[in-house]
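Throughout the sequence shown, residue numbering follows the UniProt record's numbering, covering 12 to 319 in sequence.
One structure below.
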Amino acid sequence: LRHLLALHGLPKEILTYILDTASSFVSVSDREVKKVPLMRGKSVFNLFFENSTRTRTTFEIAAKRLSADVINLNIASSSTSKGESLLDTVDNLTAMHADMFVVRHAQSGAPFLIARHLNEHGLDHIHVVNAGDGRHAHPTQGLLDMYTIRHYKKDFTQLKVAIVGDVLHSRVARSDIHAMKTLGVPEIRVIGPTTLLAPAMKDMGIRMFNDMNEGLKGVDVIIMLRVQNERINGALLPSAQEFFKSYGLTPERLALAKPDAIVMHPGPMNRGVEIDSAVADGNQAVILSQVTYGIAVRMAVMSILAGN
Ligand code: CP
């Protein structure tokens, strides 16, 4: 593995290897072991052209636990604000001896562009990790979601999973679906208004529901999504209250799922829009565990790319 750009097309063996490697890092990510020297002397550049709380911070923590040097480029005060192109920025950071770029960008494909540029210039030793590109992919979120599901549910091949909300604009939904298909989840459902579902998913064998009460019946895992207002250009949207009425996860709706169903959310959450606080803070929510597992999963990804 040279770069991690998407989960689509990665075989089951690689996904499982990453999850198993993440398991081996849990004691380091939990600070029982302070640090490991696997990336000592390497420089990881965090290039976040879109805002982030969880992904940027956990990549930084993960890189530091691997003993790498971490440079967080402040995009707002960088020369991109003076018109420097993405690839010129990358060339300049490469001249500063970058070993890895962790890239988040509003444009789908931006991390692919960087990876191709590095490949074309023979910079084989520099790795790119996609930290979320547009509505396309968020592979490390997909992996940490798989880690969380495996932790709580053990066997992917026995599960019914529902993804609820703005599936159309969600890079998390796409990465989760590709990973779950590869790992053998037999039933994946998406639930939302038709305007926020992606019809092409039907061709992947995904079951579509407009009625949330129907879609949640008997599921083992519920993945809630935020309405991605920043990616919806002028589309007519229901108000937050209307959305919550039809697609908000309340304790009453959660009771339609299996009694031991887990509730996930990639964050940031909008309480009272897609999820009720009683559920977000309830004992079936594993939302903060997802964040914690993100450290070990990102350690695994970076150390594998770095050749360990
Ligand atoms: N899940 C996720 O990508 O969160 P951030 O936008 O805070 O990184």
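Glycine included, each C-beta is placed from N, C-alpha and C at the ideal position.
Own chain residues within Cβ distance below 8 Å of Asn224, not counting five before or after: Leaving aside the five residues that flank Asn224 on each side, the residues in its chain whose CB is nearer than 8 Å to its CB run, in chain order, Arg264, Leu267.
Leu12 vs Val139 beta-carbon contact at 8 Å: It is not a contact, given that the beta carbons lie outside the stated cut-off.
Whole-number beta carbon distance between Leu30 and Met157, since they are thought to touch under 8 Å: Right, the Cβ-Cβ distance comes to about 6 Å (below 8 Å), so this counts as a contact.
8 Å Cβ cutoff met for Met313 and Met107: Contact: no.
Residue closest to Ile160, alpha-carbon to alpha-carbon, out of Asn83, Leu129, Leu194: Out of Asn83, Leu129, Leu194, Leu194 has the C-alpha closest to the C-alpha of Ile160.
Inter-residue Cα distance where the pair is Thr27 and Phe36: Cα-Cα distance, rounded: 14 Å.
DSSP state of Arg309 mapped onto helix, strand, coil: Arg309 sits in a helix when the DSSP states are folded into three classes.
Nearest neighbour of Ala121, chosen from Asp110, Asp187, Leu97 [CA to CA]: Closest by alpha carbon: Leu97.
Residue from Glu198, Ile25, Pro249 with nearest C-alpha to Asp315: As written in the sequence, residue 315 is Ile, which differs from the Asp given in the question. Measuring from the Cα of Ile315, the nearest candidate turns out to be Ile25.
Local conformation of His147 per DSSP, three classes: His147 falls in the coil class under three-state DSSP.
Chain-ordered residues, beta carbon under 7 Å from a heavy atom of ligand 1: Neighbourhood of ligand 1, defined by CB distance below 7 Å to any of its heavy atoms: Asn62, Ser63, Thr64, Arg65, Thr66, Arg67, Gly143, His149, Gln152, Val183, Pro277, Gly278, Pro279, in chain order.
Proximity of Val81 and Ala74 at Cβ, strictly below 8 Å: Annotated as proximal: Val81 and Ala74, with beta-carbon spacing under 8 Å.
Within 8 Å, strictly: CB atoms of Val201 and Met212: Yes, the Cβ-Cβ distance between Val201 and Met212 is below 8 Å.
Counted within 10 angstroms of its Cβ, other Cβ atoms place Gly305 as buried (16 or more) or exposed: Gly305 should be labelled buried.
Enclosing alpha helix (DSSP H) for Ile125 [first to last residue]: Its alpha helix (DSSP H) spans residues 121-131.
Given Ala142 as reference, the closest of Ala173, Gly318, Lys165, Ser186 once Cα atoms are compared: Looking at the Cα atoms, Ser186 is the closest of the given residues.
Residues near Ser92 in its chain [Cβ-Cβ closer than 8 Å; skip 5 each side]: For Ser92, where only same-chain residues beyond five positions count, the Cβ hits under 8 Å are Ile86.
Alpha helix (DSSP H) runs wholly inside the stretch 204-246, at least 4 long, in chain order: Here the runs fully enclosed are 223-227.
Between the CA atoms of Val183 and Ser119 - distance to the nearest angstrom: Rounded to the nearest angstrom, the two C-alpha atoms are 13 Å apart.
Met219: CB within 7 Å of a non-hydrogen atom of ligand 2: Ligand 2 is not part of this structure, which contains only ligand 1.
Beta-carbon proximity check, Met111 vs Val55, cutoff 8 Å: It is a contact, given that the beta carbons lie within the stated cut-off.
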